[in-house]
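So the sequence lines, in the order shown, correspond to chains Z and G. As numbered in my numbering, residues 1 to 551 make up the first sequence, in order. As numbered in my numbering, residues 552 to 926 make up the second sequence, in order. All remarks here apply to the structure that follows.
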Amino acid sequence: MTRALALAALLLACSACTRDVDSATEANARGSTGHPVDGDTFIRPLIGNISGLIPNITSDANSHEVGGLLYNGLVTFDRDQRPIGDLAESWQQSGDCRQLTFKLRHGVQWHDGHPFTADDVAFTYRTMIDPKTPTAYKDDFEAIERLETPDPYTVRITYAQPHARSLMSWGMEILPRHLLEPWVRKGKLREAPQNWNQPVGTGPYKLSQMWPGEKLVLVANTDYFEGPPHLSRVVFRVIPSQATVFLELKAKGLDSAPLSGGLTALQYARQTDYPAFRKDYHKYRYPSNSYTYLGFNLKNPLFADRRVRQAIALAIDKKALIEGVVLGLAREATGPYKPGSWQYNASVTTYPFDQARARALLAEAGWKETNADGVLVRDGKPFAFELLTNQGNDERKKIAEIVQASLREVGIAVEIRVIEWASLLKEYIKKRHFDADILGWNIAPDPDQFPIWHSSRMGPDDLNTVSYANPEVDALLERGRQTCVQAERKRYYDRFQEILAEDQPYVFLYFRDALPVVSSRVRGVLPGSAGIDYNFHDWWVPRSEQRYTSE
Amino acid sequence: MLLYTVRRLLLAAPLLIGITFVAFVVIHLAPGDPTALQQSDPEGRWSSQTIKMLNEMYGLDQPLPVQYWRWLTRLVRLDFGRSFSQDGRPVLQKIRERLPITLLLNLIEMIIILALAIPIGVLSATRQYSVFDKITTVFVFAGFATPDFWLAQLVMLLFSVGLGWLPLSGLRDVNAEYFSYWRQQWDFASHLILPIGVVVFGGLAGFSRYMRQSMLEVVRQDYVQSARAKGLAEKVVIGKHALRNALMPVVTILGLSLPGLVGGSVIIEWIFAIPGMGQLMVQAAFERDYPVLMGNLVIVATLTLLANLASDIAYGVVDPRIRLGGRRMRRGGCEGLPGRVRQESPRRDRRVHRARARRHRRAGARARPWKPRSS
Numbered sequence: 001m002t003r004a005l006a007l008a009a010l011l012l013a014c015s016a017c018t019r020d021v022d023s024a025t026e027a028n029a030r031g032s033t034g035h036p037v038d039g040d041t042f043i044r045p046l047i048g049n050i051s052g053l054i055p056n057i058t059s060d061a062n063s064h065e066v067g068g069l070l071y072n073g074l075v076t077f078d079r080d081q082r083p084i085g086d087l088a089e090s091w092q093q094s095g096d097c098r099q100l101t102f103k104l105r106h107g108v109q110w111h112d113g114h115p116f117t118a119d120d121v122a123f124t125y126r127t128m129i130d131p132k133t134p135t136a137y138k139d140d141f142e143a144i145e146r147l148e149t150p151d152p153y154t155v156r157i158t159y160a161q162p163h164a165r166s167l168m169s170w171g172m173e174i175l176p177r178h179l180l181e182p183w184v185r186k187g188k189l190r191e192a193p194q195n196w197n198q199p200v201g202t203g204p205y206k207l208s209q210m211w212p213g214e215k216l217v218l219v220a221n222t223d224y225f226e227g228p229p230h231l232s233r234v235v236f237r238v239i240p241s242q243a244t245v246f247l248e249l250k251a252k253g254l255d256s257a258p259l260s261g262g263l264t265a266l267q268y269a270r271q272t273d274y275p276a277f278r279k280d281y282h283k284y285r286y287p288s289n290s291y292t293y294l295g296f297n298l299k300n301p302l303f304a305d306r307r308v309r310q311a312i313a314l315a316i317d318k319k320a321l322i323e324g325v326v327l328g329l330a331r332e333a334t335g336p337y338k339p340g341s342w343q344y345n346a347s348v349t350t351y352p353f354d355q356a357r358a359r360a361l362l363a364e365a366g367w368k369e370t371n372a373d374g375v376l377v378r379d380g381k382p383f384a385f386e387l388l389t390n391q392g393n394d395e396r397k398k399i400a401e402i403v404q405a406s407l408r409e410v411g412i413a414v415e416i417r418v419i420e421w422a423s424l425l426k427e428y429i430k431k432r433h434f435d436a437d438i439l440g441w442n443i444a445p446d447p448d449q450f451p452i453w454h455s456s457r458m459g460p461d462d463l464n465t466v467s468y469a470n471p472e473v474d475a476l477l478e479r480g481r482q483t484c485v486q487a488e489r490k491r492y493y494d495r496f497q498e499i500l501a502e503d504q505p506y507v508f509l510y511f512r513d514a515l516p517v518v519s520s521r522v523r524g525v526l527p528g529s530a531g532i533d534y535n536f537h538d539w540w541v542p543r544s545e546q547r548y549t550s551e
Numbered sequence: 552m553l554l555y556t557v558r559r560l561l562l563a564a565p566l567l568i569g570i571t572f573v574a575f576v577v578i579h580l581a582p583g584d585p586t587a588l589q590q591s592d593p594e595g596r597w598s599s600q601t602i603k604m605l606n607e608m609y610g611l612d613q614p615l616p617v618q619y620w621r622w623l624t625r626l627v628r629l630d631f632g633r634s635f636s637q638d639g640r641p642v643l644q645k646i647r648e649r650l651p652i653t654l655l656l657n658l659i660e661m662i663i664i665l666a667l668a669i670p671i672g673v674l675s676a677t678r679q680y681s682v683f684d685k686i687t688t689v690f691v692f693a694g695f696a697t698p699d700f701w702l703a704q705l706v707m708l709l710f711s712v713g714l715g716w717l718p719l720s721g722l723r724d725v726n727a728e729y730f731s732y733w734r735q736q737w738d739f740a741s742h743l744i745l746p747i748g749v750v751v752f753g754g755l756a757g758f759s760r761y762m763r764q765s766m767l768e769v770v771r772q773d774y775v776q777s778a779r780a781k782g783l784a785e786k787v788v789i790g791k792h793a794l795r796n797a798l799m800p801v802v803t804i805l806g807l808s809l810p811g812l813v814g815g816s817v818i819i820e821w822i823f824a825i826p827g828m829g830q831l832m833v834q835a836a837f838e839r840d841y842p843v844l845m846g847n848l849v850i851v852a853t854l855t856l857l858a859n860l861a862s863d864i865a866y867g868v869v870d871p872r873i874r875l876g877g878r879r880m881r882r883g884g885c886e887g888l889p890g891r892v893r894q895e896s897p898r899r900d901r902r903v904h905r906a907r908a909r910r911h912r913r914a915g916a917r918a919r920p921w922k923p924r925s926s
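Structure below.
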């Protein structure tokens with residue numbers, strides 16, 4: 001069952017890329033048959049400066065993009081987001097999901113030549129749970145009851161309770177004990193030179209130069225345990241403006257758009273469709289891991305009635321919205337999981353565009369009369385609310401405008417407010433001073449959505465910002481995170497999606513497509529549900545096409 | 552003069568403290584807090600203990616006056632604190648990384664602008680309503696009116712993508728470390744051409760119009776006529792007698808634009824991917840990185856105060872009457888006429904010059920101050 005689903009996911013992902021870029025698949029086919037050679041430099045953009053090179057204590061995408069090439073976890077994910085061994089050779093999970101035993105690889109070295117052992121794993125664990133470590137990723141490690149290292153290449157972990165995310169959480173980067181221990185003890189890990197310009201990891205690349213705010217130069221780690229990566233040098237250039245990234249691509253100053261997000265829909269669909277660009281770059285398209293939603297503050301009496309929320313979902317033409325906002329380069333969302341992933345439930349209630357039904361539902365909920373402006377009125381009060389979103393995101397602003405126009409048709413008056421991110425978070429979202437908002441989430445490969453939907457997570461610092469509380473969902477989320485048997489979890493999360501679809505605490509809008517481009521001289525690029533750069537160290541350039549050969 | 556300088560410097564200290572206090576309060580009153588922003592990564596799950604720990608680490612759990620006092624006592628030891636962003640690096644180090652390039656760019660821009668604007672202003676004043684005057688008027692106003700982000704992209708498209716003559720963005724080629732020394736220098740310089748060009752084009756209008764206006768007024772003065780009557784060559788009349796006097800208002804503006812040298816142009820840095828002060832400050836503002844914002848503020852406030860002082864002193868250099876005035880003041884004091892002579896102080900003189908500059912804005916030849924930087 002699960003395998004069939006995973007396969008379906010794969011097919012969906014692939015049909016997406018082939019449909020859009022025939023040349024890309026062709027090149028990949030060539031790539032997989034040719035013989036990889038080493039050499040060349042790959043130039044990637046970063047949209048902002050990094051904030052540190054110890055990914056465990058940074059939470060911005062830029063730092064993680066670089067850090068991902070410098071470190072390894074015990075496990076990593078393959079193309080279909082299935083866990084595979086990284087620093088761990090193999091693992092065993094006990095039937096009750098409480099025990100996890102990793103066998104580590106032998107002969108792995110840190111960039112400074114120091115051998116990697118189970119000691120480093122234990123140290124990473126201690127670092128993560130240290131109250132003085134400023135990290136966002138404590139949760140999974142605090143669930144651990146005991147971590148033992150019977151020998152230098154074995155790590156045995158016991159969880160207090162069955163912990164579904166246990167295996168996945170060991171994708172966390174492992175840190176070198178011999179260098180960082182004093183910094184952790186002082187509670188000053190951020191100030192360690194390893195967090196800035198002297199990172200030491202086990203990963204396929206080493207940092208060679210750092211020009212703050214300008215660029216980072218990484219060179220291949222010739223002692224990498226899987227063999228050195230083929231691209232011998234990687235340059236990350238900090239280019240904050242998307243327009244400049246695009247011009248640099250045109251001028252062949254970059255070898256790819258940002259690999260996490262890629263081009264904008266407009267650039268992808270309209271501005272790159274000329275022969276020279278198609279010759280120099282391959283365009284890729286696959287569903288990204290982030291979705292955009294319209295969320296209701298359920299504490300607001302306007303939205304307390306489920307029928308009202310369903311009516312709003314019906315009144316919005318999602319297809320037209322996707323066409324208008326991202327030129328159709330997105331997939332309709334029906335819940336918080338990506339269409340095609342194993343946890344996705346395709347048979348939930350959907351809300352196809354139907355304004356007549358929307359009006360009927362609103363009438364059922366008591367919104368029958370309209371005032372002189374054509375706005376629905378109940379008990380003398382008009383149906384009017386404020387829709388908030390953050391500044392600097394054009395997509396969301398456009399969505400807000402489309403939602404405003406659509407709801408106007410069924411008699412709901414919407415006022416849009418676009419607010420700077422920091423103020424929006426602190427003054428409106430955290431204090432729950434909002435009626436409705438348009439925001440988005442990035443989703444992890446694991447389906448656990450406890451922090452976003454569980455009724456215990458409605459505090460000001462928590463993520464259940466719409467104050468959603470449903471006892472059945474609470475129970476499902478609790479059970480779902482306490483078992484590691486995928487079939488069982490699938491049952492819980494399927495039901496969870498059905499309830500969400502009925503309740504519509506969010507109108508789930510769409511999963512935007514990631515639209516990266518990569519220089520056509522690079523081979524071995526195989527996007528999957530894990531994204532595009534999961535196998536970056538396998539990318540290579542045929543000798544005859546190498547552009548930067550100065551060594 | 553020395554006494555005067557020392558007194559002004561001493562007066563500046565309480566002023567600076569006042570400025571920082573007001574700024575500190577205003578910055579902290581703005582909504583949003585640094586720790587909340589670090590939680591905005593949805594895959595991260597900050598526990599409330601971690602948030603509390605961060606707030607304690609940053610000292611944000613203390614009342615505002617305590618926070619200010621701590622900041623101030625650190626400042627007098629020249630410790631600007633550590634950034635609130637996740638790199639936690641010293642503020643001074645972050646500013647030191649960004650300041651040189653911004654300073655370099657702004658200095659070059661200012662020098663080129665002056666080198667072009669003064670001759671343009673003088674020539675269009677001496678040939679008022681000539682073809683040259685009309686063409687430059689159109690040209691500098693076109694520069695003034697063109698949005699720099701738009702112009703920047705146009706020149707990037709033309710010179711980098713289209714013709715391939717100049718590098719598009721950044722400061723160095725990605726392979727610059729393999730270049731020879733001179734090639735590295737040229738590589739660096741060539742990266743600066745487009746951003747400087749865009750800024751200069753936009754900034755010419757202010758100074759050249761100022762210069763033209765001031766010159767127009769001076770050439771009508773009696774002493775210029777008497778210089779001509781003496782039979783001096785026109786070159787000497789304009790270049791020596793008129794120009795020196797016409798430069799006075801320009802010096803005022805120049806002094807006031809000195810603090811702007813450390814504030815990068817956000818849009819230019821953004822588009823050309825130049826890691827300067829503008830980018831640092833915008834990021835700090837978005838992240839509510841209070842120590843970095845305050846660090847920058849102290850530097851700009853100090854420079855503003857110093858620049859004010861410097862432009863007062865510069866008057867003395869440009870205008871001998873002020874120097875004499877200073878001497879007379881001392882002598883006048885002995886003669887028991889302090890009240891009247893004190894009016895000759897440089898400060899009064901500067902006021903007069905500013906007022907004169909204001910009066911000179913006439914129809915068709917409106918003088919503009921140094922073009923405000925877009926931010």
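Backbone N, C-alpha and C define an ideal beta-carbon position, used for all residues, glycine too.
Is residue i near residue j, with beta carbons less than 8 Å apart?
i	j	result
W110 of chain Z	F102 of chain Z	no
I174 of chain Z	L53 of chain Z	no
V308 of chain Z	Q355 of chain Z	no
H230 of chain Z	V37 of chain Z	yes
I429 of chain Z	A400 of chain Z	no
L100 of chain Z	S166 of chain Z	yes
I664 of chain G	F758 of chain G	yes
P451 of chain Z	L463 of chain Z	yes
If residue i and residue j are in contact, beta carbons under 8 Å, what's the gap, nearest whole angstrom?
i	j	result
F496 of chain Z	L476 of chain Z	5 Å
A530 of chain Z	D78 of chain Z	7 Å
V813 of chain G	L650 of chain G	6 Å
I412 of chain Z	F383 of chain Z	5 Å
What's the gap between the Cα of residue i and the Cα of residue j?
i	j	result
N221 of chain Z	D280 of chain Z	28 Å
A563 of chain G	V573 of chain G	15 Å
W733 of chain G	N726 of chain G	14 Å
S765 of chain G	E785 of chain G	18 Å
L798 of chain G	M608 of chain G	53 Å
P593 of chain G	N442 of chain Z	In this prediction, P593 of chain G has a pLDDT of 49, which is less than 50 and means its spatial position is unreliable; what the coordinates show is noted afterwards. Each residue's alpha carbon lies about 6 Å from the other.
I602 of chain G	R432 of chain Z	19 Å
Q600 of chain G	G459 of chain Z	13 Å
Y492 of chain Z	H282 of chain Z	40 Å
P698 of chain G	Q704 of chain G	10 Å
Y224 of chain Z	F123 of chain Z	22 Å
V377 of chain Z	E364 of chain Z	13 Å
I864 of chain G	A858 of chain G	10 Å
K398 of chain Z	Q404 of chain Z	10 Å
If the cut is a Cβ gap below 8 Å, which residues of chain G does residue i touch?
i	result
I239 of chain Z	S720, G721 and A824
P55 of chain Z	Chain G residues near P55 of chain Z: none, gap ~11 Å exceeds 8 Å.
In chain G, which residues lie with their C-beta within 9 Å of the C-beta of residue i?
i	result
P275 of chain Z	Those do not exist, as P275 of chain Z stays about 15 Å from chain G at its closest Cβ, beyond 9 Å.
Which residues of the stretch 835-862 of chain G have a Cβ closer than 7 Å to any Cβ of chain Z? Give them in chain order.
F837 and R839
Residues from the stretch 460-476 of chain Z in contact with chain G, defined by Cβ distance under 8 Å:
D461 and L463
Going along the chain, which residues of the stretch 216-240 of chain Z sit with their C-beta nearer than 7 Å to a C-beta in chain G?
V235, R237, V238, I239 and P240
Report the residues of the stretch 322-351 of chain Z with a CB closer than 8 Å to any CB of chain G, ordered along the chain.
none
Output needed in chain order: residues of the stretch 242-266 of chain Z with a Cβ under 7 Å from some Cβ in chain G.
A243, T244, L247, E248, K250, A251 and G253
Could you run through the stretch 702-713 of chain G and flag, in chain order, every residue whose CB is less than 8 Å away from some CB of chain Z?
Q704, M707, L708, S711 and V712
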